[in-house]
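Trainee:
2 protein chains.
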Amino acid sequence: MISETPSPPYFAVIFTSLRTDADGDYAETADELLARASRQPGFLGAERARSPDGWGISVTYWESLDAIEAWENDAAHVAAKRLGREKWIRAYALRVARVDRSSRWEADAPGG
Amino acid sequence: MISETPSPPYFAVIFTSLRTDADGDYAETADELLARASRQPGFLGAERARSPDGWGISVTYWESLDAIEAWENDAAHVAAKRLGREKWIRAYALRVARVDRSSRWEADAPGG
Numbered sequence: 000m001i002s003e004t005p006s007p008p009y010f011a012v013i014f015t016s017l018r019t020d021a022d023g024d025y026a027e028t029a030d031e032l033l034a035r036a037s038r039q040p041g042f043l044g045a046e047r048a049r050s051p052d053g054w055g056i057s058v059t060y061w062e063s064l065d066a067i068e069a070w071e072n073d074a075a076h077v078a079a080k081r082l083g084r085e086k087w088i089r090a091y092a093l094r095v096a097r098v099d100r101s102s103r104w105e106a107d108a109p110g111g
Numbered sequence: 000m001i002s003e004t005p006s007p008p009y010f011a012v013i014f015t016s017l018r019t020d021a022d023g024d025y026a027e028t029a030d031e032l033l034a035r036a037s038r039q040p041g042f043l044g045a046e047r048a049r050s051p052d053g054w055g056i057s058v059t060y061w062e063s064l065d066a067i068e069a070w071e072n073d074a075a076h077v078a079a080k081r082l083g084r085e086k087w088i089r090a091y092a093l094r095v096a097r098v099d100r101s102s103r104w105e106a107d108a109p110g111g
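Residue numbers (numbering that gives the first Met the number 0), protein chains in the order written: chain Y, 0 to 111; chain E, 0 to 111.
Okay, structure coming up:
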């Protein structure tokens with residue numbers, strides 16, 4: 000789903016990853032991690048997609064760089080990332096960015 | 000795949016969208032559009048994922064905001080976006096961001 004983010008500026012963490020073939024508790028762990036992220040101070044939203052070929056992108060939105068840093072240092076997050084590298088993730092790129100402009104569109108929106 | 004982007008800063012366009020059920024030439028048009036983007040001045044790379052439920056995220060990376068603006072005004076791009084809104088896309092969010100930090104990891108990388 001599309002996150003109801005406020006007017007810019009705010010911050011985004013773009014996480015692009017390739018899954019391994021291992022299945023295990025990946026989906027459950029990822030969902031738990033996202034639920035935990037959503038309870039952190041400064042969390043604004045998340046958007047995720049994963050193609051059947053194993054490539055996925057998740058973007059989380061945050062009020063500040065401090066909020067991102069606090070989440071990166073969260074003990075449960077650190078543990079989940081270690082588990083991810085050991086079991087589920089073959090490669091990833093992580094980018095931290097400042098969102099300066101945004102727009103939305105919906106097919107059924109009034110005037111859309 | 001993960002884009003071989005240079006050291007930050009550079010810019011990202013994060014496009015999150017929900018497909019309609021219509022199929023038609025969507026994949027072909029999206030591929031053509033990405034090929035066209037990749038020939039624009041300042042294009043640095045692209046990453047895409049689309050879940051079977053219809054939600055997708057594509058991120059394109061650019062050297063400058065001017066490069067992004069030029070691409071947004073590209074006639075073929077404008078026409079493809081209009082077609083997308085008419086036929087294939089039910090909702091989208093578009094965010095322009097400045098990437099200030101990045102890291103990468105691969106399972107088989109030396110020392111990884």
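Ideal Cβ placement from N, Cα and C applies to all residues, glycine included.
Could you check whether the Cβ of E:Ile56 sits closer than 7 Å to any Cβ belonging to chain Y?
Mentor: Locating residue 56 of chain E in the second sequence gives position 57, where the first residue counts as 1. Closer than 7 Å: yes.
Trainee: Compare the C-beta of Y:Tyr9 against all C-beta atoms of chain E and say whether one is closer than 7 Å.
Mentor: What you label residue 9 of chain Y is simply residue 10 of the first sequence in a count that begins at 1. So, not an interface residue.
Trainee: Helix, strand or coil for Y:Gly83? Go by DSSP, reduced to three states.
Mentor: Locating residue 83 of chain Y in the first sequence gives position 84, where the first residue counts as 1. Note: Y:Gly83 maps to helix in three-state DSSP.
Trainee: Determine the burial state of Y:Val77: buried for a count of at least 16 other Cβ atoms within 10 Å of its Cβ, exposed for fewer.
Mentor: Your numbering for residue 77 of chain Y matches position 78 in the first sequence. Exposed is the call here.
Trainee: Would you mind giving the Cβ-Cβ distance between E:Gly23 and E:Lys80, rounded to the nearest angstrom? I have them listed as a contact below 8 Å.
Mentor: For the purposes of this step, residue 23 of chain E is identified with residue 24 of the second sequence, where counting begins at 1. For the purposes of this step, residue 80 of chain E is identified with residue 81 of the second sequence, where counting begins at 1. Going by Cβ atoms, the distance from E:Gly23 to E:Lys80 rounds to 15 Å, so no, they are not a contact pair.
Trainee: If the criterion is Cβ atoms closer than 7 Å, does the pair E:Arg97 and Y:Ala66 meet it?
Mentor: Translated into the one-based positions of the second sequence, residue 97 of chain E becomes position 98. Translated into the one-based positions of the first sequence, residue 66 of chain Y becomes position 67. Y:Ala66 is positioned such that its CB atom lies no closer than 7 Å to that of E:Arg97.
Trainee: So is Y:Val95 in contact with chain E if we call contact Cβ pairs under 7 Å?
Mentor: By one-based count along the first sequence, residue 95 of chain Y stands at place 96. Answer yes: the Cβ-Cβ gap between Y:Val95 and chain E drops below 7 Å somewhere.
Trainee: For E:Thr100, name the three-state secondary structure that DSSP assigns.
Mentor: For the purposes of this step, residue 100 of chain E is taken as residue 101 along the second sequence, with counting starting at 1. One detail in the question is off: residue 100 of chain E reads as Arg in this sequence, not Thr. DSSP places E:Arg100 in strand when its eight states are reduced to three.
Trainee: Taking only three categories from DSSP, how would you classify Y:Ser6?
Mentor: Within the first sequence, residue 6 of chain Y is the residue found at index 7, counting from 1. In this structure, Y:Ser6 counts as coil in the three-state DSSP scheme.
Trainee: What's the gap between the Cα of E:Ala36 and the Cα of E:Phe10?
Mentor: Counting from 1 along the second sequence, the entry for residue 36 of chain E is found at position 37. Counting from 1 along the second sequence, the entry for residue 10 of chain E is found at position 11. One Cα belongs to E:Ala36, the other to E:Phe10, and the distance between them is close to 14 Å.
Trainee: With DSSP run on the structure shown, which of helix, strand or coil describes Y:Ile1?
Mentor: What you label residue 1 of chain Y is simply residue 2 of the first sequence in a count that begins at 1. Of the three classes helix, strand and coil, the one that applies to Y:Ile1 here is coil, per DSSP.
Trainee: Mind reading off the beta-carbon distance from E:Ile13 to Y:Thr15? Whole number of angstroms is fine, and I expect it under 8 Å.
Mentor: As a working note, residue 13 of chain E is residue 14 in the second sequence. As a working note, residue 15 of chain Y is residue 16 in the first sequence. That belief does not hold up - the Cβ atoms of E:Ile13 and Y:Thr15 are roughly 11 Å apart, past 8 Å.
Trainee: Using 8 Å as the threshold, is the stretch 59-74 of chain E in touch with the stretch 39-47 of chain E, meaning 3 or more CB pairs across them?
Mentor: yes
Trainee: Could you spell out the range, first to last residue, of the alpha helix (DSSP H) harbouring E:Thr28?
Mentor: Here the question's residue 28 of chain E lines up with position 29 in the second sequence. Residues 25-37.
Trainee: Whole angstroms are fine: how far does the CA of Y:Leu17 sit from the CA of E:Glu62?
Mentor: What you label residue 62 of chain E is simply residue 63 of the second sequence in a count that begins at 1. What you label residue 17 of chain Y is simply residue 18 of the first sequence in a count that begins at 1. Straight-line Cα distance between these residues: approximately 25 Å.
Trainee: Answer yes or no: do E:Ser102 and Y:Leu93 have a C-beta to C-beta separation smaller than 7 Å?
Mentor: Taking the second sequence and counting its residues from 1, one reaches residue 102 of chain E at position 103. Taking the first sequence and counting its residues from 1, one reaches residue 93 of chain Y at position 94. Result yes, Cβ atoms of E:Ser102 and Y:Leu93 sit closer than 7 Å.
Trainee: I want to verify the contact list: residues of chain E whose CB lies under 7 Å from the CB of Y:Pro51, in sequence order.
Mentor: Within the first sequence, numbered from 1, the residue matching residue 51 of chain Y stands at position 52. Residues of chain E passing the Cβ test: Pro51.
Trainee: Helix, strand or coil for Y:Ala106? Go by DSSP, reduced to three states.
Mentor: Your numbering for residue 106 of chain Y matches position 107 in the first sequence. Of the three classes helix, strand and coil, the one that applies to Y:Ala106 here is coil, per DSSP.
Trainee: Bridge partners for Y:Ser16 per DSSP, in chain order?
Mentor: Along the first sequence, read from residue 1 onward, the residue named residue 16 of chain Y stands at position 17. Answer is Y:Gly55, Y:Tyr91, bridged to Y:Ser16.
Trainee: Going by alpha carbons, who is nearest to E:Leu64 out of Y:Arg100, Y:Glu3, Y:Ala21?
Mentor: Looking up residue 64 of chain E in the second sequence gives position 65. Checked all of Y:Arg100, Y:Glu3, Y:Ala21; the closest Cα to E:Leu64 is Y:Arg100.
Trainee: Taking the straight line between their C-alpha atoms, what separation do you get for E:Pro51 and E:Asp20?
Mentor: As a working note, residue 51 of chain E is residue 52 in the second sequence. As a working note, residue 20 of chain E is residue 21 in the second sequence. Distance between the alpha carbons of E:Pro51 and E:Asp20: 11 Å.
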